[in-house]
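>
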Amino acid sequence: MLLFLISLVFGGEFLYNFKKVDKIEENYELFKEIKLKTFLYKFYRTGKSSTKLLIQQHLPFLLQEVTKIKSLDFTRQSLIFTLTPYKDIFMKDKNTTICIGKYVGTFFEDDTLYQYYKGGDKCDIKKDVNRSARVSYKGGPGKLRIDKIYESKVCRYEIVVIGEELSRVVEGNVEIVYFVEENDSR
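Position 7 of the sequence shown, counted from 1, bears residue number 1167 in this note's numbering, the numbering being contiguous throughout.
1. Assuming L1243 contacts Y1297 under a Cβ cut-off of 8 Å, what Cβ separation, rounded to an integer in Å, is found between them?
2. Just how far apart, CA to CA, sit I1285 and T1266?
3. Using the Cβ count rule (16 or more neighbours within 10 Å means buried), how would you classify G1299?
4. Taking K1228 as the reference, give the member of I1319, E1325 and V1337 with the closest Cα.
5. At which residues does the alpha helix (DSSP H) containing T1227 begin and terminate?
6. Could you have a look at L1304 and say whether DSSP puts it in helix, strand or coil?
7. DSSP puts T1244 in a beta bridge; with which residues?
8. Since V1295 and Y1274 should fall inside the 8 Å C-beta cutoff, what is the C-beta to C-beta distance between them, to a whole number of angstroms?
9. Taking the beta strand (DSSP E) that S1296 falls in, what are its first and last residues?
10. Quick one: what's G1279 bridged to in DSSP?
11. Give me the residue from D1182, Q1237 and V1181 with the minimum Cα distance to K1252.
12. Please classify V1330: is it buried, with 16 or more other beta-carbons within 10 angstroms of its beta-carbon, or exposed?
13. So, is the C-beta of E1331 closer than 8 Å to a C-beta in chain B?
14. By the three-class DSSP mapping on this structure, what secondary structure does E1186 have?
15. Note down, in chain order, each residue of its chain lying with its Cβ closer than 8 Å to the Cβ of K1230, except the 5 sequence neighbours on either side.
16. Compute the distance between the beta-carbons of V1264 and V1289, then report whether it is under 8 Å.
17. Quick one: Cα of L1196 to Cα of K1179, how far?
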């Protein structure tokens, strides 16, 4: 209920960052008071802007940004993984280049964009299995990059791509703190 009320009262062009506090500093400026049943909520401007917020983008934006990626490299010890979205993934060492998979499809699930890559080179541990990968694209801090690669099963790779390019960056959001008092008069 309180969050609904806050969104009605504070909605608008600004993005507010709320934080509950136990003590009000002298330099805080009273912004709003809301009485709700036996409680009095006092909202104060702190005079600070919060750090930038990264908000996950909607599917059309994610698809557009992933389409712009030429290729991404990830280095682990002597191995270099190269991901080319909508095309293929390769793993290279000093003497060998191994195909992890070729692009087969894209889907969106739980606010994450995924791509599947199948039909890679034969696995050296399990000869009857071809290498494959699932790539997830998520918004996050920093430059666009492959954040991690791991094998979920033998020769089945999970690749996580993150970066601000996949996020909506909101800066200059206003920090609001609130204090709750018990109000005896009903």
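We treat Cβ as the ideally placed atom computed from N, Cα and C, and that holds for glycine. If you're wondering where the values come from, they're calculated on a predicted model, not measured in any experiment.
Taking the definition as stated:
1. Here residue 1243 refers to the residue found at position 83 when the sequence shown is read from its first residue. Here residue 1297 refers to the residue found at position 137 when the sequence shown is read from its first residue. In fact, because the Cβ distance is near 10 Å, the residues do not count as touching under 8 Å.
2. Here residue 1285 is taken as the residue at index 125 of the sequence shown, counted from 1. Here residue 1266 is taken as the residue at index 106 of the sequence shown, counted from 1. For I1285 and T1266, the distance between alpha carbons rounds to 28 Å.
3. By one-based count along the sequence shown, residue 1299 stands at place 139. When all chains shown are included, G1299 counts as buried.
4. Locating residue 1228 in the sequence shown gives position 68, counting from the first residue. Selected option, being the one with the closest Cα: E1325.
5. In the sequence shown, residue 1227 corresponds to position 67, counting from 1. Per DSSP, T1227 belongs to the alpha helix (DSSP H) from L1219 to K1228.
6. For the purposes of this step, residue 1304 is identified with residue 144 of the sequence shown, where counting begins at 1. Residue state, collapsed to three classes: coil.
7. Along the sequence shown, one-based indexing puts residue 1244 at 84. When DSSP reads this structure, T1244 sits in a beta bridge with D1248.
8. In the sequence shown, residue 1295 corresponds to position 135, counting from 1. In the sequence shown, residue 1274 corresponds to position 114, counting from 1. Between Y1274 and V1295 the Cβ distance is about 7 Å, and since that is below 8 Å, they are a contact.
9. Residue 1296 sits at position 136 when you count from the first residue of the sequence shown. Segment S1292 to G1299, the beta strand (DSSP E) holding S1296.
10. Within the sequence shown, the letter at position 119 stands for residue 1279. Within the DSSP bridge table, the entry for G1279 names G1261 as partners.
11. Taking the first residue of the sequence shown as position 1, residue 1252 is located at position 92. Here the closest residue by C-alpha is Q1237.
12. Mapped onto the sequence shown, residue 1330 falls at position 170. It counts as exposed.
13. Annotation note: the requested chain B is absent from the structure, which comprises a single protein chain.
14. For the purposes of this step, residue 1186 is taken as residue 26 along the sequence shown, with counting starting at 1. It is coil, neither helix nor strand.
15. Your numbering for residue 1230 matches position 70 in the sequence shown. Once the five neighbours on either side are set aside, the close Cβ partners of K1230 are T1244.
16. Counted from its first residue, the sequence shown places residue 1264 at position 104. Counted from its first residue, the sequence shown places residue 1289 at position 129. Not a contact, by the Cβ cut-off of 8 Å.
17. Against the sequence shown, residue 1196 aligns to sequence position 36. Against the sequence shown, residue 1179 aligns to sequence position 19. The straight-line gap from Cα to Cα measures roughly 18 Å.
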